[in-house]
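Okay, so here's the structure we're looking at.
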Amino acid sequence: DVPCNGNNTSDQQLCNQNVPCLGNYSVWSDWSACSASCQLTFQDFPIQSRSRICEGDTLGGGCVGPSYESIPCNNISCPGNLTDWSQWGACSSTCKIAGNGPYQYRNRSCVGYSTWNATYVGCNGSNTSDQQLCNQIIPCLGNYSAWSDWSSCSASCQFNSSVSPFQSHSRICQGDTLGGGCVGPSYETKQCSFGILCPGNLTDWGQWSACSDSCNTIGDGPYQYRNRSCIGYSTWDAKYIGCNGSNTSDQQLCNQIIPCLGNYSAWSDWSSCSATCQINSNVSPFRTHSRVCEGDTLDGGCIGSSNETQPCNSRVSCPGVLSSWNTWGVCSQSCHQSYDLPMQSRSRLCEASSFGGNCNGSILIQTRTCNIFVNCPGFSCATANFFISGSQWTDQLSNKSSVEYKELLNQLLSQFEKNFTSEKFTNELYFQDVQFYRNTNIGVIVRFTYKAQMGNTIENCEKLINFKLGSNLLGVSIKPCDCWINQTVGQENLRGVYTFPFTIVNNILTTMCAYNSSITFQTQCLINNVTYLPELVFASLNSCPLYSPTTYQLINTANLNVTIANILNVTKELNSIIQNGNLTSNFDIKLISTILRNIISVNSSSENVTNGVLSSINSLLSSNSSLIQSANQIYNSSTEFLFLLDVLGKQQSNNVSISLKNLGLTSYSIKPNGNPVYVYSTEYNDKVGVNISSDDFDDELEEFNNYIVLPPQLFMGENKVQVYSYIYKESSFFTEVNKTIESLILSASLNGIDVKDSSSLIDIKFSKLSGVSETEKSGSVTCSFYKVKEKTWSSDGCNIVRMSSMEIICQCNHLTNFAKILNVYQSNEESLGLEVVTWIGCGLSIAGLVLTIVSYSAFPSLRQKLAPKILIILCTNLLCTLVLFLALVSKTEPRGLCQTVASLLQFFILSTFFWMAIEGFNLYKMFVKVFGGSSDSNKFLLKASAFGWGIPLIFTIATAVSKPDYLGPGPGTISEKDSKLCVVRGFSFYFGILLPVCIVMAFNIVILLLTIRGIDSNASLQNKMKSIKKVRIAFACSLLLGTTWLFAILAVGKLKVAFQWLFCIFNSLQGFFIFLFYTLDNKKVKEQWVSFLYEKCGWRSKSFEITNVKQINTDSGNSTLTLQMNTL
11 DVPCNGNNTS DQQLCNQNVP CLGNYSVWSD WSACSASCQL TFQDFPIQSR SRICEGDTLG
71 GGCVGPSYES IPCNNISCPG NLTDWSQWGA CSSTCKIAGN GPYQYRNRSC VGYSTWNATY
131 VGCNGSNTSD QQLCNQIIPC LGNYSAWSDW SSCSASCQFN SSVSPFQSHS RICQGDTLGG
191 GCVGPSYETK QCSFGILCPG NLTDWGQWSA CSDSCNTIGD GPYQYRNRSC IGYSTWDAKY
251 IGCNGSNTSD QQLCNQIIPC LGNYSAWSDW SSCSATCQIN SNVSPFRTHS RVCEGDTLDG
311 GCIGSSNETQ PCNSRVSCPG VLSSWNTWGV CSQSCHQSYD LPMQSRSRLC EASSFGGNCN
371 GSILIQTRTC NIFVNCPGFS CATANFFISG SQWTDQLSNK SSVEYKELLN QLLSQFEKNF
431 TSEKFTNELY FQDVQFYRNT NIGVIVRFTY KAQMGNTIEN CEKLINFKLG SNLLGVSIKP
491 CDCWINQTVG QENLRGVYTF PFTIVNNILT TMCAYNSSIT FQTQCLINNV TYLPELVFAS
551 LNSCPLYSPT TYQLINTANL NVTIANILNV TKELNSIIQN GNLTSNFDIK LISTILRNII
611 SVNSSSENVT NGVLSSINSL LSSNSSLIQS ANQIYNSSTE FLFLLDVLGK QQSNNVSISL
671 KNLGLTSYSI KPNGNPVYVY STEYNDKVGV NISSDDFDDE LEEFNNYIVL PPQLFMGENK
731 VQVYSYIYKE SSFFTEVNKT IESLILSASL NGIDVKDSSS LIDIKFSKLS GVSETEKSGS
791 VTCSFYKVKE KTWSSDGCNI VRMSSMEIIC QCNHLTNFAK ILNVYQSNEE SLGLEVVTWI
851 GCGLSIAGLV LTIVSYSAFP SLRQKLAPKI LIILCTNLLC TLVLFLALVS KTEPRGLCQT
911 VASLLQFFIL STFFWMAIEG FNLYKMFVKV FGGSSDSNKF LLKASAFGWG IPLIFTIATA
971 VSKPDYLGPG PGTISEKDSK LCVVRGFSFY FGILLPVCIV MAFNIVILLL TIRGIDSNAS
1031 LQNKMKSIKK VRIAFACSLL LGTTWLFAIL AVGKLKVAFQ WLFCIFNSLQ GFFIFLFYTL
1091 DNKKVKEQWV SFLYEKCGWR SKSFEITNVK QINTDSGNST LTLQMNTL
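Quick note, the sequence shown lines up with residues 11 to 1138 if you use this note's numbering.
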């Protein structure tokens, strides 16, 4: 009985996993054969192997233990193999050795044998080398024995420098085979050292020669000679004389007395002919010359004649004798009419000689124009001078017989006749003489006669003077020959002013004197014998009385002979005349300067004379200032006064100080002590003066109203230096239009030292005078000096250090008359305001251009396109122009540097404008011809570079080569201001800078208008742009195109100042505006800088997302995208 109804008490099921089961190996296989029959190396040995198979494993369980085994076998060494024999080598020696020949060898190798057994020898020990006897017989070299002793000298003395006595020794060659010999000489020689001179031997005497002369010379007889020679003596010593100096020549007197012949001197010059011509056929003129016999003895004389004679001018007939001229004959006519002039003649006779001579072509009849200047009844004459418009000179016009002369003469005659006839002035006109002369156009002088149709002589003269000859005749001047035109002579307030009316020839005018009508003088109209034109001949205006008695006094004083004896009296007399008299005419001022010159030329150093001269000038300055200025225009008297004052200052040998109302003088001799010299003004009791001191006043300078500080570098050496200074309160001698003197005028001079272009600057201060109007305050204030010869004020060499409303402090590099000058009308000088604007604007532009160049150069993504590359180049050129202008344009010395700066400025200015043209062309492509075609930007930039830099370089080189003098200051300077700048001047400026600049500007203005029109007409590009944005784009484009430079060309006429201000503002700030519009206002540039700064500062990087995409369709069918970037 099975409990539980036999139910199973156990159960099983498959596990829910896969575990592999191990298997069992089969039986090992048999061992295999050995892998090799021998062992080659220690590591590489042969083996046997066996294996077994894993059975019964599941799921890749495998079996325990290895399935493969191996064991070493056959450790037998490998025998190896022999290679082939090599070629036989060279023989072991090069010669045949006694008893044995040379050998040659060859080799082979054993390869592939075992190396693991160190004692094993491969290839069964077979030989690996072989040898055999060489089949050759070569002799072997031997060796020398020792040298033998030196032999005796070959001679007992030395004959010459090339052959010396010598010693010798030798050696023997041993051990050589087959005649091989030994290396080296077997014999040697050397010179003997004693250098003994060989004495030589005398030969026998030769035969006596013939006598040296065939005659006896003065004081001595003739000689005969014999000779012998010294042979075999040494010649190597130049001072040695052979044969112990024995004589080698001998002489003796000849036993004879014979006179000697002399020699003639050279022939003398031929004498003058005995007559200049041949009177008859029997007697001819002759000439002679002679020579002298010299050097003869015993009256031997000379061979030949001592005199010679020869005929001369034998066929020249004596000219005839001219008789005296007879009297002039009767004139052919008694008046001038038509072409024919009144002529008269005279004659003389020729009395011929008997030999047929004549008067050698002498003039026997003379003719001349009669000295008659009377026109025939009804006829008048005139001279016309004019130029023919558009004509060109030829040399044929100077020949009155040439075709060209006659053709032009006929044309003029026809034109004259036509014009005079059409005006009903005359119907008879004749040319008496016509002369053409060279000029820009052909110049013509015509003398003609005419018969007036109506009117009297005066009316015809007036009409003729104003006659019009035609539009092709320029500068016509017609002067009648029978009347004189109006003329005004004389001087107001002197002897009077007189105006003479039209006057007929030979008329006599009687005129009353201006200041005394009871006195008259006569004037006659006469024909000038040279010009054949009428002129007024004055009897004398001196017969008329003077206006002022003061003038009489000045004339009398001027006629005095000034000497040391009377100089003080003359000085006092002049001072008295000026103080008590009444100066009324310009001639009075001229007379005063003449008297002062007479006084100062005596060179008196008397202080009384100096005081008197200065008192006279002080009184003159207190008189009528307008009269002084008027006299200066006529006689240049102010220049004369300043010159005389300078001479007077130099003449002071003692220290002197003079103070007067209108001027003062101080002269002081200073011994250099290393301190500056102070020249400062003083004012007291209504007088002005000047002090000079070498004391240290640095702490007291502020108390001086006006001063000049001379640096110690001007006083070199130990000798005293005279310093003299003038101060002027009245400025009548210093005048110029459009300028006002706002201070006292102070000068300083060093006697004998010309101070200019000094490296040590001179400090100058001026205080403002009262009384300058508000209108004058609108001008510019400068430190200026007076240029006496030019009669103008200049600030050249002076710079303002500090300026206030009441004073100005300057530094200058020279000495002269200085003052504070107010330029009321801004004429020919810079405005201070314009200068300040220029410096500030250029400074901002330089900074802006540098930032623009750095921004676009530092970030490659900004300059991938063509436009930014052009912008970088344009900014670089403009930057170079501004830096050169600010730093070097006023450096006029040295000359070479100044010329270089001028050339560089020309190049960079032109290059800037040419790149503006390139920028304009690129704008045209971008906005007008949008996507008009593809082009290679690199190729375009290469061509643009050749255009933008190449053409300016050609202009610059052409200017430097053709007109180097027009680079910087030099001849042809237009204004004084230009003379201080290193710029291109003259025609080189107009054609080398202004012309190409104007062409580029005209091109860019057209481009600007087309660009604005293209933007305005394209609705998709504009997108209904606001007006203010249009203006902004137009202004930005105009900056790149340089059109604002147009203001410089328009700065003329009444609007000159306004356009100058516009030009300075817009163009000095051009670089700054470019920075604002193309750098600071450029989103991409700002994004690059923000990213760069965030990265460098370690901040969180900014990222951007595209939030707005606009598609713009262009007229060409293409499209572009505008992306709006927002910062995340």
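All C-beta atoms in this analysis are idealised placements derived from N, C-alpha and C, irrespective of residue type, glycine included.
This one's a predicted model, so the numbers in the text were calculated from it and none came from an experiment.
- Task: For the alpha helix (DSSP H) containing N579, list its first residue and its last residue.
- Result: As a position in the sequence shown, residue 579 is number 569, starting the count at 1. Its alpha helix (DSSP H) spans residues 577-590.
- Query: Does the stretch 509-524 come close enough to the stretch 546-561 to have 3 or more Cβ pairs within less than 8 Å?
  - Reply: Result yes; three or more Cβ-Cβ pairs closer than 8 Å.
- Starting from Y562 and walking both ways along the alpha helix (DSSP H), at which residues does that stretch end? As a position in the sequence shown, residue 562 is number 552, starting the count at 1. First-last of the alpha helix (DSSP H) with Y562: 559-568.
- Spell out the partners DSSP gives V959 in its beta bridges. One-based indexing of the sequence shown puts residue 959 at position 949. Contrary to the premise, residue 959 reads as Trp rather than Val in this sequence. Answer by DSSP bridge pairing: none, since W959 is not bridged.
- Task: Kindly confirm or deny that the stretch 439-447 and the stretch 475-490 touch, where touching means at least three C-beta pairs closer than 8 Å.
- Result: Look at the beta carbons and you see the stretch 439-447 not touching the stretch 475-490: under three pairs across the two are nearer than 8 Å.
- Item | 7 Å CB neighbourhood of L854 in its chain, flanking five on each side removed | Here the question's residue 854 lines up with position 844 in the sequence shown. In the same chain as L854, and ignoring 5 residues on each side of it, the C-beta atoms closer than 7 Å to its own belong to L1079, F1082, in chain order.
- Message: Looking at the secondary structure, which residues open and close the alpha helix (DSSP H) in which W925 lies?
- Response: To locate residue 925, count along the sequence shown from 1; it is residue 915. Segment 905-933, the alpha helix (DSSP H) holding W925.
- Message: Going by DSSP, what residue range makes up the alpha helix (DSSP H) through T649?
- Response: As a working note, residue 649 is residue 639 in the sequence shown. Unbroken alpha helix (DSSP H) run through T649: 647-660.
- Message: Out of A43, S166, N517, which one is the CA nearest neighbour of I537?
- Response: Along the sequence shown, read from residue 1 onward, the residue named residue 537 stands at position 527. Taking only the C-alpha atoms, the option nearest I537 is N517.
- Give every residue of the same chain whose Cβ lies closer than 8 Å to the Cβ of Q497, excluding the five residues on either side of it in the sequence, and list them in chain order. Counting from one through the sequence shown, the residue named residue 497 turns up at place 487. Once the five neighbours on either side are set aside, the close Cβ partners of Q497 are T509, F510, L546.
- Task: Output the residue ranges of the beta strand (DSSP E) runs that lie fully inside the stretch 452-533 and measure 3 residues or longer, sorted by chain position.
- Result: As far as the stretch 452-533 is concerned, its whole beta strand (DSSP E) runs of at least 3 residues are 452-462, 483-490, 497-501, 506-510, 518-523.
- Query: Going by DSSP, what residues sit across from N15 in a beta bridge?
  - Reply: Residue mapping note: residue 15 aligns to position 5 of the sequence shown, counting from 1. Note: N15 sits in no beta bridge, so no partner.
- Tell me, please, whether the stretch 770-778 touches the stretch 718-734 by the rule of three or more beta-carbon pairs shorter than 8 Å. Yes, they touch.
- Item | Rounded separation between G16 and N26 - CA only | Position 6 of the sequence shown, counted from the start, is the residue given in the question as residue 16. Position 16 of the sequence shown, counted from the start, is the residue given in the question as residue 26. Looking at the two C-alpha atoms, the distance is approximately 29 Å.
- Message: Can you list, in chain order, the residues of its chain with a C-beta nearer than 6 Å to that of Y678? Leave out the 5 residues immediately preceding and following it.
- Response: Numbered from its first residue, the sequence shown carries residue 678 at position 668. Excluding residues within five positions, the ones whose Cβ falls inside 6 Å are N665, I702, V733.
- Task: Return the residue from the list D159, E740, W959 that minimises the CA-CA distance to E198.
- Result: Mapped onto the sequence shown, residue 198 falls at position 188. Closest option to E198, Cα to Cα, is D159.
- Task: Classify N672 as buried or exposed, calling it buried when 16 or more other Cβ atoms lie within 10 Å of its own Cβ.
- Result: As a working mapping, residue 672 is identified with position 662 in the sequence shown. Using a 10 angstroms sphere on the CB of N672, the tally of other CB atoms reaches 16 or more, which defines it as buried.
- Query: When you compare only the Cα positions, how much space is there between R6 and W95?
  - Reply: Coverage of the chain is limited to positions 11 through 1138, which leaves residue 6 absent and any answer about it impossible.
- Message: Along the chain, where does the beta strand (DSSP E) containing V74 start, and where does it finish?
- Response: The residue labelled residue 74 in the question sits at position 64 within the sequence shown. No beta strand (DSSP E) holds V74; DSSP gives it neither H nor E.
- Return the first residue and the last residue of the alpha helix (DSSP H) that T891 is part of. Locating residue 891 in the sequence shown gives position 881, where the first residue counts as 1. It spans 876-898 - the alpha helix (DSSP H) in which T891 sits, taken as one unbroken run.
- Query: Is the beta carbon of G1002 sitting closer than 8 Å to the one on V994?
  - Reply: Residue mapping note: residue 1002 aligns to position 992 of the sequence shown, counting from 1. Residue mapping note: residue 994 aligns to position 984 of the sequence shown, counting from 1. Yes, Cβ-Cβ distance for G1002 and V994 is below 8 Å.
- Leaving out five residues on either side along the sequence, give the residues of the same chain with a beta carbon under 8 Å from the beta carbon of C283. Here residue 283 corresponds to residue number 273 of the sequence shown, with the count starting at 1. For C283, where only same-chain residues beyond five positions count, the Cβ hits under 8 Å are P295, F296, R297, C322, N323.
- Query: DSSP state of S174, grouped into three classes?
  - Reply: Within the sequence shown, residue 174 is the residue found at index 164, counting from 1. Correct three-state label for S174: coil.
- Message: Helix, strand or coil, according to DSSP, for D975 in the structure here?
- Response: By one-based count along the sequence shown, residue 975 stands at place 965. The answer is helix: DSSP assigns D975 an H, G or I state.
- Task: Return the CA-CA distance between C167 and P195, expressed in angstroms with no decimal places.
- Result: In the sequence shown, counting from the first residue as 1, residue 167 sits at position 157. In the sequence shown, counting from the first residue as 1, residue 195 sits at position 185. Here the alpha carbons of P195 and C167 stand approximately 28 Å from one another.
- Query: So, are the CB atoms of V572 and N608 less than 8 Å apart?
  - Reply: Counted from its first residue, the sequence shown places residue 572 at position 562. Counted from its first residue, the sequence shown places residue 608 at position 598. Yes, these two residues count as a Cβ contact at 8 Å.
- Message: For the alpha helix (DSSP H) containing I313, name the first residue and the last one.
- Response: Taking the first residue of the sequence shown as position 1, residue 313 is located at position 303. Neither: I313 is in no alpha helix (DSSP H) and is coded neither H nor E.
- Query: Mind pulling the beta strand (DSSP E) runs of 3 or more residues that sit fully within the stretch 111-193?
  - Reply: You should have 113-117, 139-143, 176-180.
- Buried or exposed by the 16-neighbour rule on C-beta atoms within 10 Å, applied to W803: Your numbering for residue 803 matches position 793 in the sequence shown. With 16 or more Cβ atoms within 10 Å of its Cβ, W803 is classed as buried.
- With distances taken from CA atoms, which of Y1088, N576, S595 is nearest I610? Along the sequence shown, read from residue 1 onward, the residue named residue 610 stands at position 600. The residue from Y1088, N576, S595 with its alpha-carbon nearest to that of I610 is N576.
- Task: Since I believe A568 is in contact with L601 (beta carbons under 8 Å), could you give me their beta-carbon distance rounded to a whole number of angstroms?
- Result: Residue 601 sits at position 591 when you count from the first residue of the sequence shown. Residue 568 sits at position 558 when you count from the first residue of the sequence shown. The pair is a contact, with the Cβ atoms about 5 Å apart (cut-off 8 Å).
- How about F965 and P1006: do their beta carbons lie closer than 8 Å? For this step, residue 965 is matched to residue 955 along the sequence shown. For this step, residue 1006 is matched to residue 996 along the sequence shown. With a cutoff of 8 Å on beta-carbon distance, F965 and P1006 are scored as near each other.
- Query: For A394, which of helix, strand or coil comes out of DSSP?
  - Reply: Numbered from its first residue, the sequence shown carries residue 394 at position 384. The DSSP-derived three-state label of A394 is strand.
- Assuming F918 and L894 form a contact by the criterion Cβ under 8 Å, report the distance between their Cβ atoms to the nearest whole angstrom. As a working mapping, residue 918 is identified with position 908 in the sequence shown. As a working mapping, residue 894 is identified with position 884 in the sequence shown. Confirmed, about 7 Å.
- Message: Less than 7 Å between C-beta atoms, sequence neighbours within five positions excluded: which residues of the same chain meet that for L670?
- Response: Sequence index remark: in the sequence shown, residue 670 carries index 660 (1-based). Once the five neighbours on either side are set aside, the close Cβ partners of L670 are L624, S625, N628, K697.
- Task: Taking I810 as the reference, give the member of C270, Q821, N257 with the closest Cα.
- Result: For this step, residue 810 is matched to residue 800 along the sequence shown. Comparing Cα positions, the closest option is Q821.
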